[in-house]
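Asker: Under this note's numbering, the residues of the sequence shown are numbered 126 to 517, in order. The following block contains the structure, expressed as C-alpha cells.
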Amino acid sequence: MDKYHQLIKFIRNAYSTPEAFIPLHEPRFSGNEKAYVADAIDSTFVSSVGEYVNRFEQMMCDITGAKYAIATVNGTSALHVALQLAGVEKGDEVITQALSFIATANAINYTGARPVFLDVDRHTMGLSPVTLELWLKKNVELKEVKAGSSQSNTQSQPFNKITGRRIAAIVPMHTFGHPVELDDIIEIANRYNIPVVEDAAESLGSYYKNEHTGTRGILGAFSFNGNKTVTCGGGGAIVTNDEKLARIAKHITTTAKVPHPYEYTHDMVGYNYRMPNLNAALACAQLENLKDFVINKRNWANKLEQFCQNHELDFIKEPGNTKSNYWLNAICLKNRDERDKVLKLLNKEGVMCRPIWTLLYKMPMYADCFRDEQTNAQWLEDRIVNIPSSVI
Ligand SMILES: *Cc1c(COP(=O)(O)O)cnc(C)c1O
C-alpha cells in the first residue's frame, strides 16, 4: 500500500468510518444546542433581539479577552463593518493576502476600497511582515492631511505613491487557524499609521503569544459558518477593545435606529447585519464546547503529524509562539501534479479533501488589483491540501 492509501486508512480508522463518506469539516452538536434553540422558540424571540444574543456577545468577550463583542449575521458582514469602522472609505486601498477565502476581498470591496495583495510567509500561510515592510517602504509616503474641522489639526496618513490612493487598513488572515506574525505586522502598521483589522474568521480558539487572535488589531472578525470550528448555521462577531467603535458597530449592524419607544428614526446608513436570537442560541451552546473541541482537534492534528512524519509527508504545524485551533489540517505536497493526484485519489475514495484557495487575484473581479510577485502564495497554492478535520 502506498502512503496515500495508508493515509486514507488512518483517517478512516480515526473517524471509525470504514466505508462511508468522510467530510472535510462537519459540525458537532453534542451539548445544549437543542435545549437552547427550543428555549428561543418557546420565548418567541427568534429574530433580531433576545437574551441569547446578549449572552453570545458576553461569551465572546470571555473567550477572546476582548472588551466588546458584537454579534453579526455572518463573518463577511463582521469584516465589512470592521473595515468601515477602521476608517476605510471609497477610493482607498486595503492591504491583504491573495491566499484567502473570497470573503476577505469581498468585504474590502463592499466599502468601496480595493484590495492590494501582498505575499504570505510559507510557515504561517498568512501575510508576510517582511514583504509588508519592504512594500510600504518602496511604495508608500506619509502625507500631512487636514483632520477634523480645525485648520491647525493635521494627521499624517499613508498614500500609495503610484496610485495616489490612501492605504486605509491592513487585513491579515489567520489561515486554517494558524496565527500570523501579529507583533511584527502591527509594529510596522503603527509606523505607517495604518490600522490593522484581523480576519480571524478561521481562528476562534487560536492564540498568538497567549493572546486570542482577533484582539491585537483595532478590530477583529470571526465567523460561525457551518464549516468553522463552531457554528450557529450562519453567524459572525466583531471584537474590539475600543468602546466607541463597539458602540458604533452595534448601532450600524442594527439598522442605526435611534432608541425610541415607538418612532422609527435612523441617524446613518445602517445594515441589517443582526444575528438572529435563534442562531445565537445555537452559538451559545457551541461556544460552551469550544475548549473541548479545540483539545480534540489539536489531538487529532498531533496524530496526523506523527503519521506524516512516519510516512514522508509534510504536515503543516502551528507557527512558533502560537497555539492553533487546527481548524483545517493541511499537508504540503511535492508539486502541483502530486497535489492533483492526492485530491483525485482521496475524493474518489470518499475521504474529502480540498486544495487551498485559488489566489484571489485570479478571480475576474480582482484581476486588476495591485499584487506583488506572490511567490510563496503561488508555491502554497500548488501544494497545500486540506484533509478531514472534524471533531472526532
Ligand atoms: C469563513 C470565512 C469568512 C467569512 O465568513 P462567513 O461567515 O462565511 O461570511 C471570512 N474570511 C475567511 C478567511 C473565512 O474563512
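Glycine included, each C-beta is placed from N, C-alpha and C at the ideal position. Just so you know, these numbers come straight off a predicted model, no measurement behind them.
Answer with buried or exposed for Phe-349, where buried requires no fewer than 16 other C-beta atoms within 10 angstroms of its C-beta.
Answerer: Classification for Phe-349: buried.
Asker: Specify whether the segment 129 to 143 and the segment 465 to 479 touch according to this definition: at least 3 beta carbon pairs, one from each stretch, less than 8 Å apart.
Answerer: Judged by Cβ distances under 8 Å, the segment 129 to 143 makes contact with the segment 465 to 479, as three or more pairs qualify.
Asker: Unbroken alpha helix (DSSP H) runs of length 4 or more, entirely within the segment 182 to 257: which are they?
Answerer: For the segment 182 to 257, whole alpha helix (DSSP H) runs of length 4 or above, ordered along the chain, are 200 to 210 and 227 to 235.
Asker: Leaving aside the five residues before and after Asn-216 along the sequence, list all residues of the same chain whose C-beta is less than 8 Å from its C-beta, in chain order.
Answerer: Reading off the sequence shown, one finds Gly at residue 216, where the question assumed Asn. Around Gly-216: Gly-237, Ala-238, Arg-290 and Arg-291.
Asker: Could you tell me which of Phe-181, His-150, Val-245 and Gly-200 sits nearest to Val-305, measuring between CA atoms?
Answerer: Residue Val-245 is the option with its Cα nearest to Val-305.
Asker: What residues in its chain sit with their C-beta under 6 Å from that of Glu-269, if we drop five residues either side in the sequence?
Answerer: Correct list, in chain order: Thr-279 and Ser-281.
Asker: Just how far apart, CA to CA, sit Ser-111 and Ile-509?
Answerer: Here the chain covers residues 126 to 517 and nothing more, so residue 111 does not appear.
Asker: Between which residues of its own chain and Arg-180 is the CB-CB distance below 8 Å, once the five residues before and five after are set aside?
Answerer: Contacts found: Ala-405 and Cys-409.
Asker: Would you call Arg-372 buried or exposed, if buried means 16 or more other Cβ atoms sit within 10 Å of its Cβ?
Answerer: Arg-372 should be labelled exposed.
Asker: Taking all protein chains shown into account, decide if Glu-312 is buried (16 or more other Cβ within 10 angstroms of its Cβ) or exposed.
Answerer: It is exposed - the Cβ of Glu-312 has fewer than 16 other Cβ atoms within 10 Å.
Asker: Taking the CB atoms as reference points, tell me whether Val-198 and Met-400 lie closer together than 8 Å.
Answerer: Yes. Within cutoff.
Asker: May I ask you to check if the CB of Asp-167 is nearer than 7 Å to at least one heavy atom of ligand 1?
Answerer: Checking the Cβ of Asp-167 against ligand 1 gives no.
Asker: If the criterion is Cβ atoms closer than 8 Å, does the pair Glu-527 and Gly-339 meet it?
Answerer: No information on residue 527 is available, as it lies outside the stretch 126 to 517 that the chain covers here.
Asker: Please work out which residues of its chain come closer than 7 Å, Cβ to Cβ, to Glu-516, disregarding the five sequence neighbours upstream and downstream, and give them in chain order.
Answerer: As written in the sequence, residue 516 is Val, which differs from the Glu given in the question. Counting only Cβ-Cβ distances below 7 Å, and skipping sequence neighbours, we find Arg-153, Phe-418, Asn-421 and Lys-422.
Asker: If we ignore side chains and look at the alpha-carbon of each, how far apart do Ile-330 and Asn-450 end up?
Answerer: For the sequence presented, residue 330 should be read as Gly rather than Ile. Between Gly-330 and Asn-450, the C-alpha separation is close to 5 Å.
Asker: Give me the residue from Glu-144, Pro-240, Asn-397 and Thr-201 with the minimum Cα distance to Asp-493.
Answerer: Cα-wise, what sits closest to Asp-493 is Pro-240.
Asker: Only counting the same chain, and skipping five residues up and downstream in sequence, which positions put a Cβ closer than 7 Å to that of Gly-212?
Answerer: These residues qualify, in order along the chain: Ala-293 and Pro-320.
Asker: May I ask you to check if the CB of Lys-459 is nearer than 7 Å to at least one heavy atom of ligand 1?
Answerer: No - ligand 1 has no heavy atom lying nearer than 7 Å to the Cβ of Lys-459.
Asker: Name the residue from Asn-414, Leu-257, Glu-176 and Leu-468 whose alpha carbon lies nearest to the alpha carbon of Glu-158.
Answerer: It is Asn-414.
Asker: Short of 8 Å in beta carbon distance, which residues of its chain neighbour Gln-183, apart from the five on each side in sequence? Order them along the chain.
Answerer: Once the five neighbours on either side are set aside, the close Cβ partners of Gln-183 are Ala-194.
Asker: Determine, using beta carbons only, whether Ala-230 and Ala-346 come nearer to each other than 8 Å.
Answerer: Taking 8 Å as the Cβ cut-off, Ala-230 and Ala-346 do not qualify as a contacting pair.
Asker: For Phe-440, I'd like the list of residues in its chain whose CB is within less than 7 Å of its CB, leaving aside the five on either flank, ordered along the chain.
Answerer: Contacts found: Leu-429, Glu-430, Cys-433 and Ile-456.
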